[in-house]
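Asker:
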Amino acid sequence: MAVMATEAPQRASDEARPAPSPQRRTRRRRRPIQWAGYIFLLPWFLGMLFTIVPFGASLYLGFTDYDLLTPPSWVGLENFIELFRDPRVGQSLIVTFTYTLVSVPLSLIAALGVALALNRGLRGLPLYRAVYYLPSLLGGSVAIVMLWRQIFGTRGIVNTFLGWFGIDGPAWVSDPSTALSVLIILNVWTFGAPMVIFLASLRQVPTMYYEAAAVDGATRWRQFRSITLPLISPIIFFNLVLATIGTLQTFTQGYVLSNGSGGPAGSTLFYNLNLYIEGFSRFNMGYASAMAWLLLVIIAAFTAVNFIAQKYWVYYEN
Amino acid sequence: MAIPTTTATPTAARALTRRQRSRRDSGDLDPGPVDAQDTAQRRFLRHVILCGVALLMMYPLLWMLSSSVKPDANIFTEQGLWPSEWRFENYADGWNSLQHPFGHYIVNSAIVVSLSIVGTVVSSALAAYAFARLEFPGRRFFFGLALITLMLPGHVLLIPQYIIFSELGWLNTYLPLVVPNFLASNAFFIFLMVQFMRALPKELDDAARIDGCGPFRIFFQIIAPLCVPAFATTAIFTFISTWNEFFSPLIYITDPNLYTVPLALRQFMDAEGQSAWGPMFAMSVVSLLPIVAFFIMGQKYLVKGIATTGLK
């Protein structure tokens, strides 16, 4: 422990500025080790070839017409112009944005709420945490989406339950107005991953703040608003960015629920599902590449908005 | 977390140490700060609410489990979770109702998953060691590059990668699913291991170097054994994500002989007309069992991994 404590600052300064005596370091350390670094990185360098080359190639393909069989032919901005005219692209953007804007806040609120409830000297914490966390491990699997299809089926368990209260439930999955909400509920159900992160961050808040606030007569709500929320706002921000990027790329849920079609009436046509259909069913590889680049821009824009907005609500201690 | 000695009553002190002992034994996060304003009623109420929500969370899974042993006719009509009539044959029927016995697809998935784990752990550890401990020109630049790839959505690379793999003749093989793992393609795990290795005292390397060890021996004999917790986290996360992976196999594997578990499972839905719900749920349960088993075994690492780094 003592070793690590003295080690950390020394290493930090090591990183921050060049070593005070470069010549001696070169002679003593860098020489024999220099090549070793590249050897250790060899697999990663090869992997970067499989990243950087496709990255450039995908931009190039975005400007071409390509069906995998005949060589790509240059069409200039045509694909990108078409993106803005294509009603299916518009539809898939609406589906994806709706899904993101509804399910991300809901799942983060659920995650924070449960984390707060679990963060109070509670018996059986590991058990609760396991139960709440398990769905987020299973949620992405085909089995769970298939299960969801049955639960929300016309005569599924949800409608049976609603029937007890005399409510005639909709045909959730086959009704365009409710199909997406089935997947939103599925996404909110998997709030366990951000919950665990919240739980860890709540432990970092010093208890003396609460003790002092309690002495001053602050209510629970006041303590939450004035102590907890500001101190964990960086973690909320972190979870928000991660969840947004993740949900914008949803694929499996829409594919399995709609049997690959994005239906009914395009109500579960996620952007990536649409991209898959264009590229791998219709073999419009050039158009699909242009779609991928639009998604990249959208994700960057969402992330940028998050980063700009954080100035107004995220509190950093230093 | 100071232990009160003189002011605390004997009971309080004993309670505290007992809690600490159990905490130490379970190797778990502590149960959280004890709240002075917490009354017994409040605590009880909180447990009731938490239990209720927990039941709601578990209900779909329990329903799946119970449906997997019910006759088809009862699945949607019977309201209770406890089957009035048990039909364990669902498991045998589901196992045999696809083109191959379900075990065939489990073996396929196991091949892909185990190779992916080995590849990810080895290649990420090598790269992480270089970034964390070795000095060479361009180290900071390359590490920055690795972090940038973290932010790149996979679908941008998808189509060119598909073309490359198809040109290489890799379609309908496991190579496109496995090889990228051997090339440290997921920078997240590099980052996780770099963070872990940076926390190890640098004196270890220095001492070994003085004893005449080269960087390879230092890595394999000193650093790698100490990084086992980071490797375990990586292995568990790789297991779960590869086991669940649907998209890549969907694109690269069209031969039903090579289907992995998620692709096989989806076939139950293509044959919907016959409505073999029981067998379908039975195989769904089977497909989730490995994840649940890994979750139970690796909960400690999983929670630590996710709490410190935040992966879905």
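So the sequence lines, in the order shown, correspond to chains X and F. Be aware that the first sequence starts at 803, since it is given in this note's numbering, and climbs by one per residue. Be aware that the second sequence starts at 46, since it is given in this note's numbering, and climbs by one per residue. Virtual Cβ for every residue (Gly too), placed ideally from N, Cα, C.
In chain X, which residues lie with their C-beta within 7 Å of the C-beta of Gln124 of chain F?
Answerer: One-based indexing of the second sequence puts residue 124 of chain F at position 79. The contacting residues are Thr962.
Asker: Find out if the Cβ-Cβ distance for the pair Ala327 of chain F, Tyr136 of chain F is shorter than 7 Å.
Answerer: Within the second sequence, numbered from 1, the residue matching residue 327 of chain F stands at position 282. Within the second sequence, numbered from 1, the residue matching residue 136 of chain F stands at position 91. Yes.
Asker: In chain F, which residues lie less than 7 Å from Ile969 of chain X when you measure between Cβ atoms?
Answerer: For this step, residue 969 of chain X is matched to residue 167 along the first sequence. By Cβ distance, chain F contributes nothing, its closest Cβ being about 16 Å from Ile969 of chain X, past 7 Å.
Asker: State the Cα-Cα distance for the pair Met109 of chain F and Ala253 of chain F, rounded to the nearest angstrom.
Answerer: Locating residue 109 of chain F in the second sequence gives position 64, counting from the first residue. Locating residue 253 of chain F in the second sequence gives position 208, counting from the first residue. Taking the straight line joining both Cα atoms gives about 55 Å.
Asker: Is there a C-beta anywhere in chain F that falls below 7 Å from the one on Phe993 of chain X?
Answerer: Here residue 993 of chain X corresponds to residue number 191 of the first sequence, with the count starting at 1. Phe993 of chain X does not count as touching chain F.
Asker: Report all residues from its chain with a CB closer than 6 Å to the CB of Arg88 of chain F; omit the five preceding and five following residues, and keep chain order.
Answerer: What you label residue 88 of chain F is simply residue 43 of the second sequence in a count that begins at 1. Result list for Arg88 of chain F: empty, nothing under 6 Å.
Asker: Between the alpha carbons of Glu884 of chain X and Val891 of chain X, how many angstroms are there, rounded?
Answerer: Translated into positions along the first sequence, residue 884 of chain X becomes position 82. Translated into positions along the first sequence, residue 891 of chain X becomes position 89. C-alpha separation (whole angstroms): 9 Å.
Asker: Is it buried or exposed for Thr50 of chain F, if we count other Cβ within 10 angstroms and need 16 for buried?
Answerer: Along the second sequence, read from residue 1 onward, the residue named residue 50 of chain F stands at position 5. Any reading at Thr50 of chain F needs caution, since the residue's pLDDT is 35, under 50, leaving its predicted position unreliable; the model's value is listed next. The residue in question, Thr50 of chain F, is exposed, as its Cβ has fewer than 16 Cβ neighbours within 10 Å.
Asker: If we cut at 7 Å on Cβ distances, does Phe133 of chain F have a partner in chain X?
Answerer: By 1-based counting over the second sequence, the position of residue 133 of chain F is 88. It does not: the Cβ of Phe133 of chain F has no partner Cβ on chain X nearer than 7 Å.
Asker: Is Thr902 of chain X helix, strand or coil when you go by DSSP?
Answerer: Here residue 902 of chain X is taken as the residue at index 100 of the first sequence, counted from 1. In the structure shown, Thr902 of chain X sits in a helix (DSSP, three-state: H, G or I).
Asker: For a test of the three-state rule: what should DSSP assign to Trp131 of chain F, helix, strand or coil?
Answerer: As a first step, residue 131 of chain F must be located in the second sequence, where it is residue number 86. The answer is coil: DSSP assigns Trp131 of chain F none of H, G, I, E or B.
Asker: So is Gln1195 of chain X in contact with chain F if we call contact Cβ pairs under 7 Å?
Answerer: With chain X represented from 803 up to 1120, any question about residue 1195 of chain X goes unanswered, as that position is not in the structure.
Asker: Kindly identify the DSSP beta-bridge partner or partners of Trp876 of chain X.
Answerer: The residue given as residue 876 of chain X occupies position 74 in the first sequence. In the DSSP output, where bridge partners are listed per residue, Trp876 of chain X has X:Thr866.
Asker: From Ala919 of chain X to Tyr174 of chain F, what distance separates their C-alpha atoms?
Answerer: Reading the first sequence from its first residue, position 117 is the one you call residue 919 of chain X. Reading the second sequence from its first residue, position 129 is the one you call residue 174 of chain F. Going by the C-alpha atoms only, they are around 40 Å apart.
Asker: Just to confirm, is the Cβ distance from Asp117 of chain F to Trp322 of chain F under 7 Å?
Answerer: Within the second sequence, the letter at position 72 stands for residue 117 of chain F. Within the second sequence, the letter at position 277 stands for residue 322 of chain F. Closer than 7 Å, so yes.
Asker: So, under 8 Å CB-CB, Val157 of chain F and Leu222 of chain F are touching, yes? Tell me the CB distance rounded to an integer number of Å.
Answerer: For the purposes of this step, residue 157 of chain F is identified with residue 112 of the second sequence, where counting begins at 1. For the purposes of this step, residue 222 of chain F is identified with residue 177 of the second sequence, where counting begins at 1. Sure, about 5 Å apart at Cβ, within 8 Å.
Asker: I need the straight-line Cα distance from Phe1109 of chain X to Phe1040 of chain X, nearest angstrom please.
Answerer: Position 307 of the first sequence holds residue 1109 of chain X. Position 238 of the first sequence holds residue 1040 of chain X. Cα to Cα, Phe1109 of chain X sits roughly 10 Å from Phe1040 of chain X.
Asker: Identify, in the order they occur along the chain, each residue of the same chain with its Cβ nearer than 6 Å to the Cβ of Pro1071 of chain X, setting aside the five sequence neighbours on each side.
Answerer: Along the first sequence, one-based indexing puts residue 1071 of chain X at 269. Sequence inspection shows Leu at residue 1071 of chain X; the Pro mentioned does not correspond to that position. The residues are Gln893, Ser894, Val897, Gly1064.
Asker: Using a Cβ-Cβ cutoff of less than 7 Å, which residues in the same chain neighbour Ala172 of chain F once the five nearest sequence positions on both sides are dropped?
Answerer: Translated into the one-based positions of the second sequence, residue 172 of chain F becomes position 127. For Ala172 of chain F, where only same-chain residues beyond five positions count, the Cβ hits under 7 Å are Ala229, Ile235.
Asker: List the whole-angstrom C-beta distance separating Arg931 of chain X from Val998 of chain X, where the pair is believed to meet the contact cut-off of C-beta under 8 Å.
Answerer: Here residue 931 of chain X refers to the residue found at position 129 when the first sequence is read from its first residue. Here residue 998 of chain X refers to the residue found at position 196 when the first sequence is read from its first residue. At roughly 7 Å, the Cβ-Cβ gap stays under 8 Å, so Arg931 of chain X and Val998 of chain X are in contact.
Asker: Who are the near neighbours of Ile1101 of chain X in its chain, counting only those whose CB is closer than 7 Å to its CB and skipping five residues on each side?
Answerer: In the first sequence, residue 1101 of chain X corresponds to position 299, counting from 1. Excluding sequence neighbours, Ile1101 of chain X sits near Ile1047, Leu1050.
Asker: Might you give, ordered along the chain, the residues of its own chain that have their beta carbon closer than 6 Å to the beta carbon of Leu74 of chain F, omitting 5 neighbours on each side?
Answerer: Indexing the second sequence from 1 puts residue 74 of chain F at position 29. Summary for Leu74 of chain F: the model assigns pLDDT 46, below 50, so the residue's position carries little reliability; its value from the coordinates is reported in the next sentence. Closer than 6 Å at the Cβ level, and outside the excluded window around Leu74 of chain F, lies no residue.
Asker: Using only alpha-carbon positions, find the residue among F:Ala277, F:Phe261, F:Ser112 that is nearest to Tyr842 of chain X.
Answerer: Numbered from 1 along the first sequence, position 40 holds the residue referred to as residue 842 of chain X. Residue 842 of chain X is actually Phe in this sequence, not Tyr. Of the candidates F:Ala277, F:Phe261, F:Ser112, the one whose C-alpha sits nearest the C-alpha of Phe842 of chain X is F:Phe261.
Asker: Output the distance between the C-alpha atoms of Ser112 of chain F and Ser979 of chain X, rounded to the nearest integer angstrom.
Answerer: Within the second sequence, residue 112 of chain F is the residue found at index 67, counting from 1. Within the first sequence, residue 979 of chain X is the residue found at index 177, counting from 1. About 28 Å.
Asker: Just list the alpha helix (DSSP H) runs in the segment 241-319 of chain F, keeping only unbroken ones of 4 residues or longer that don't cross its boundaries, in chain order.
Answerer: Correct list: 248-255, 273-289, 292-297, 306-315.
Asker: DSSP state of Ala1103 of chain X, grouped into three classes?
Answerer: Numbered from its first residue, the first sequence carries residue 1103 of chain X at position 301. The answer is helix: DSSP assigns Ala1103 of chain X an H, G or I state.
Asker: Tell me the start and end of each unbroken alpha helix (DSSP H) in the segment 910-997 of chain X that is at least 4 residues and wholly inside, in chain order.
Answerer: Runs of the alpha helix (DSSP H) inside the segment 910-997 of chain X: 927-940, 944-953, 959-966, 981-991.
Asker: Could you pull the start and end residues of the alpha helix (DSSP H) that Pro1036 of chain X belongs to?
Answerer: For this step, residue 1036 of chain X is matched to residue 234 along the first sequence. Here the alpha helix (DSSP H) through Pro1036 of chain X covers 1031-1050.
Asker: For the putative contact between Leu870 of chain X and Met1093 of chain X, defined by C-beta atoms under 8 Å, what is the C-beta separation to the nearest angstrom?
Answerer: Taking the first sequence and counting its residues from 1, the one referred to as residue 870 of chain X is at position 68. Taking the first sequence and counting its residues from 1, the one referred to as residue 1093 of chain X is at position 291. So it is not a contact: roughly 16 Å between Cβ atoms.
Asker: Determine the DSSP secondary structure at Val1116 of chain X, reduced to helix, strand or coil.
Answerer: What you label residue 1116 of chain X is simply residue 314 of the first sequence in a count that begins at 1. Looking at Val1116 of chain X - three-state DSSP - the assignment turns out to be coil, as it is neither helix nor strand.
Asker: Starting from the beta carbon of Thr194 of chain F, find every residue of chain X whose beta carbon is closer than 7 Å, and list them in chain order.
Answerer: Walking along the second sequence from the start, residue 194 of chain F turns up at place 149. Thr853, listed in chain order.
Asker: Using DSSP with H/G/I as helix, E/B as strand and the rest coil, what is Asn153 of chain F?
Answerer: The residue labelled residue 153 of chain F in the question sits at position 108 within the second sequence. Of the three classes helix, strand and coil, the one that applies to Asn153 of chain F here is helix, per DSSP.
Asker: When you compare only the Cα positions, how much space is there between Leu216 of chain F and Gly257 of chain F?
Answerer: Looking up residue 216 of chain F in the second sequence gives position 171. Looking up residue 257 of chain F in the second sequence gives position 212. About 47 Å.
Asker: Buried or exposed, going by whether 16 or more other CB atoms sit within 10 Å of the CB of Thr165 of chain F?
Answerer: Residue 165 of chain F sits at position 120 when you count from the first residue of the second sequence. The residue in question, Thr165 of chain F, is buried, as its Cβ has 16 or more Cβ neighbours within 10 Å.
Asker: Once the 5 residues before and after Leu936 of chain X are set aside, which same chain residues still bring their CB inside 8 Å of it?
Answerer: Taking the first sequence and counting its residues from 1, one reaches residue 936 of chain X at position 134. If we look at Leu936 of chain X and ignore the five residues flanking it on each side, its Cβ neighbours are Gly994.
Asker: Can you tell me which of the three DSSP states His145 of chain F falls into?
Answerer: Taking the second sequence and counting its residues from 1, one reaches residue 145 of chain F at position 100. Of the three classes helix, strand and coil, the one that applies to His145 of chain F here is coil, per DSSP.
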